[in-house]
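Q: Below is the structure I would like to discuss, written out as structure tokens.
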Amino acid sequence: MTEINADAWVSSGHRPMGFPEFVVAIAAIMALNPLAMDMMLPALPNIRSAFALTDANRAQLVLSTFLTGFGVGQFAMGPLADRFGRRPVLLGGMILYSVASLLAIAAPSFELLLLARALQGLGTSATRVIATSIVRDCYAGRRMAHVMSLAMMVFIAVPVVAPSFGQAVLLLSEWRGIFIALMLYGMMALIWSALRMPETLPTDMRKSLAVREVLSAFRQTITNRQTLGYAFACGGVWGAMFAFVFSSQQVFTDIYRLGHYFPLAFAAVAVGVAIAGFVNARLVGRLGMRVMSHGALIGYALVAAAMLLAVKLHALPLPLFMVLSALMMFAFGLMMANFTALAMEPHGNIAGTASSLYGSITTLLGIGVGMAIGQSYDGTLVPFATGFFICALVALAIAAVTEKGRLFQPHHAPIK
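The sequence shown: position 391 = 1034 (my numbering), numbered continuously.
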């Protein structure tokens, strides 16, 4: 781990973890979020029945409310992490996550369940911001993208298997058992982080929480063309992805009649993201972040166009839908680590604040778009395919404007 800032590791009383453990620890921390999202997918019909929800689309709020808490929470987590260090904020977020899971287990009403989900999302906002900040504390440029890709290989396996885990829990207990599993995982991650994760932000590099300084850091982040451009492009890409996740249970069970086999179909599609993490980790150091992410974005738009055409022609059987969805996931996986690295590259001195603002923009924008598409579900794939295509085109246009038309071309310095 020779490229890690030595002072950052020495500032901790803990012994520095080795590189493999560092990557797995970052992935495990980040996995709190997708586990809490994707394990719930098979349980949506059960929750709908348990609380007698008449509108089938309303069950999607279990997902979108969680993500809203996740997106809003990131605004505060970055400045707090830059002021008090990474560890206190990380551990505090994990404690909140565990308490919120306990509240969800005991929730007597759908409204209280949504409150618990919002608090879970708020807790995972700390883990997402801190994980990115820790990596940025230790690495920069292509090396940062490489480390993020390695973490993503572990982290991305979670959406592949999480619905199956959720389905397995449902075979043994009711839907509340999923929250018990989430609470146990959160507590294990909390203990591991408390014992092993060092503080990576030296005391002399911490920022004040004075309003003027926080606003200055926010202004520095959102006035950077590269950061803001990739935040909006990422938000557009997330919009289509959230729409897919929100409506996937209904699509696979209502349209394609897969029933309890839905988690297997979802896992098969999500494998595309895991493959992308492996490919990106191998190639990004050689080709660069822009070549990888811009190529993936163009491919994303082509897949969206193919899916919309197939829907309009009423020629989208399950095998073709699975192939196109896997390609969508593959392109998504290539973009995410590189978009994040490109957005964070100019902000090594305010990594926590930049990570939080970037995460909030991308998540909240993605949630808004994803909810609009998901709530438009009408028993057909027309709303999703149309929304997917529009999101892809908008994201591609934003990336082109951000790069001033110079797609695929590496820069010696961040764009101003």
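Beta carbons: idealized from backbone N, C-alpha and C, even for Gly.
Distance, Cα to Cα, residue 887 vs residue 1022?
A: Cα to Cα, the separation comes out at about 14 Å.
Q: By how many angstroms is the C-alpha of residue 685 removed from the C-alpha of residue 892?
A: When rounded, the distance between both Cα atoms is 7 Å.
Q: Looking at C-alpha atoms only, which residue of 712, 806, 805 is the closest neighbour of residue 762?
A: If we check each option's Cα against that of residue 762, 712 comes out closest.
Q: May I have the straight-line CA-CA distance separating residue 781 from residue 710, to the nearest angstrom?
A: Residue 781 and residue 710: Cα-Cα distance of roughly 28 Å.
Q: Buried or exposed: residue 955, going by 16 or more other Cβ atoms within 10 Å of its Cβ?
A: Per the 10 Å Cβ criterion, exposed.
Q: For a minimum of 4 consecutive residues, which ranges assigned as the alpha helix (DSSP H) are wholly contained in the segment 854 to 905?
A: Fully enclosed alpha helix (DSSP H) runs of 4 or longer: 854 to 865, 868 to 893.
Q: For residue 700, report the span of its alpha helix (DSSP H) as first-last.
A: No alpha helix (DSSP H) contains residue 700, which DSSP labels as neither H nor E.
Q: So, at 7 Å on beta carbons, what are the nonlocal neighbours of residue 948 in its own chain, with the 5 sequence-adjacent residues on each side left out?
A: Cβ within range, chain order: 1032.
Q: DSSP three-state label for residue 816, please.
A: Coil at residue 816, not helix or strand.
Q: Output needed for residue 914: all residues of its chain with C-beta closer than 7 Å, excluding positions within five of it in sequence on either side, in chain order.
A: Excluding positions up to five away in sequence, the list reads 803, 969.
Q: When the distance is taken between beta carbons, is residue 672 closer than 7 Å to residue 770?
A: The answer is yes: Cβ separation under 7 Å.
Q: Would you mind working out which of 776, 790, 909, 812 sits nearest residue 962, comparing C-alpha positions?
A: When only C-alpha atoms are compared, the closest one is 909.
Q: Using CA coordinates, which residue listed in 1018, 938, 873, 889 is at the minimum distance from residue 698?
A: When only C-alpha atoms are compared, the closest one is 1018.
Q: For the segment 918 to 979, list the alpha helix (DSSP H) runs that are entirely contained and at least 4 residues long, ordered along the chain.
A: Qualifying alpha helix (DSSP H) stretches, in chain order: 932 to 955.
Q: Would you kindly work out how many angstroms separate the C-alpha atoms of residue 1014 and residue 843, rounded to a whole number?
A: Rounded to whole angstroms, residue 1014 to residue 843 spans 36 Å at the Cα level.
Q: Rounded to whole angstroms, what is the Cα-Cα separation between residue 812 and residue 819?
A: Each residue's Cα considered, the two are about 9 Å apart.
Q: If you run the structure through DSSP and keep just helix, strand and coil, what is residue 755?
A: Of the three classes helix, strand and coil, the one that applies to residue 755 here is helix, per DSSP.
Q: So, residue 830 versus residue 741, is the Cβ gap smaller than 7 Å?
A: Yes, the pair counts as a contact, with Cβ atoms nearer than the cut-off.
Q: Check whether the Cβ of residue 935 lies closer than 6 Å to any heavy atom of the ligand ADP, and answer yes or no.
A: With respect to small molecules bound, the structure shown includes none, and the ligand ADP cannot be examined in it.
Q: Rounded to the nearest angstrom, what separates residue 847 and residue 1041 at their Cα positions?
A: Those two C-alpha atoms are separated by around 37 Å.
Q: Taking only three categories from DSSP, how would you classify residue 1019?
A: Residue state, collapsed to three classes: coil.
Q: State buried or exposed for residue 764, treating a residue as buried only when at least 16 other CB atoms are found within 10 Å of its CB.
A: Answer is buried; the Cβ neighbour count reaches 16.
Q: Mapping DSSP to helix, strand and coil, what is residue 696?
A: The answer is coil: DSSP assigns residue 696 none of H, G, I, E or B.
Q: Which parts of the segment 673 to 747 are runs of the alpha helix (DSSP H), unbroken and 4 residues or longer, counting only runs that do not cross its ends?
A: The qualifying runs are 675 to 681, 687 to 693, 704 to 727.
Q: How do the segment 718 to 738 and the segment 868 to 876 stand: do at least 3 beta-carbon pairs fall below 8 Å, yes or no?
A: The segment 718 to 738 vs the segment 868 to 876: no contact.
Q: Indicate the three-state DSSP secondary structure (helix, strand or coil) for residue 644 in the structure shown.
A: At residue 644 the pLDDT is 41, less than 50, meaning the model places this residue with poor confidence and gives no usable figure here.
Q: Taking the alpha carbon of residue 864 as the reference point, which residue from 1003, 1010, 678 has its own alpha carbon closest?
A: Ranking the options by Cα distance to residue 864, first place goes to 1003.
Q: Is the shortest distance between the beta-carbon of residue 961 and the beta-carbons of chain B less than 7 Å?
A: Note that chain B does not occur in the displayed structure, where there is just one protein chain.
Q: Can you give the Cα-Cα distance for residue 857 and residue 1028, rounded to whole angstroms?
A: Looking at the two C-alpha atoms, the distance is approximately 40 Å.
Q: Relative to the alpha-carbon of residue 1009, which residue among 977, 662, 715, 690 has its alpha-carbon at the smallest distance?
A: Considering only alpha carbons, the answer is 715.
Q: Does residue 848 come out as helix, strand or coil in the three-state DSSP assignment?
A: Residue state, collapsed to three classes: helix.
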